[in-house]
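Numbering follows the working numbering, with no gaps: position 21 of the sequence shown is 198. From the three backbone atoms N, C-alpha and C, an ideal C-beta is built for every residue, glycine too. What you are looking at is a predicted structure, and each value in this text was computed from that prediction instead of being measured.
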Amino acid sequence: MSNTTVIIIAVVVVLIALLAFKFIHNHGIHNDVENLKNVCSEIFSAKGVEKLASQDFIQALKEKTGVSQKVALTLFGKARQLGIIRIVDRFVELVK
Numbered sequence: 178m179s180n181t182t183v184i185i186i187a188v189v190v191v192l193i194a195l196l197a198f199k200f201i202h203n204h205g206i207h208n209d210v211e212n213l214k215n216v217c218s219e220i221f222s223a224k225g226v227e228k229l230a231s232q233d234f235i236q237a238l239k240e241k242t243g244v245s246q247k248v249a250l251t252l253f254g255k256a257r258q259l260g261i262i263r264i265v266d267r268f269v270e271l272v273k
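This is how it looks when you write it as structure tokens:
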């Protein structure tokens, strides 16, 4: 094999490894309920309030978890489904 072929194979292997790592990382955030509970409670305790506007909560969730806006919205919906948070008059509050 020539050097060019070896370099191309190495680059492809590194790219596949990066994609696998990203998938595993995002998949772990979605399925770990305790982690989601902790992140939600940390957001409220860091802000020092009991209610947040939904957009502010989604932005804080995005920053805290380091995910995209779309994934943050998915996590927001999952937190609502699991009963971690609830929406009252366009404000998000943590369920005790």
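Alpha-carbon spacing of residue i relative to residue j, whole angstroms
i    : j    : result
F221 : N215 : 10 Å
K255 : T182 : 45 Å
G243 : V191 : 22 Å
S179 : I185 : 10 Å
Q258 : K247 : 17 Å
K224 : V272 : 16 Å
Integer Cβ distance of residue i from residue j, believed to fall under 8 Å
i    : j    : result
I235 : L213 : So it is not a contact: roughly 14 Å between Cβ atoms.
L252 : L229 : Incorrect: roughly 15 Å between the Cβ atoms, too far for contact.
E219 : K241 : 7 Å
Helix, strand or coil at residue i according to DSSP, with G and I counted as helix
i    : result
E270 : strand
V216 : helix
I261 : coil
Residue i, buried or exposed, once every other Cβ within 10 Å from all chains shown has been counted against 16
i    : result
F198 : exposed
I262 : buried
V269 : buried
Given residue i as reference, the closest of the options once Cα atoms are compared
i    : options                   : result
Q232 : R267, A223 and T242       : R267
S245 : I184, H202, V210 and S179 : H202
Chain B contact for residue i (CB, 7 Å cutoff)
i    : result
V265 : The structure shown contains no chain B; it holds only a single protein chain.
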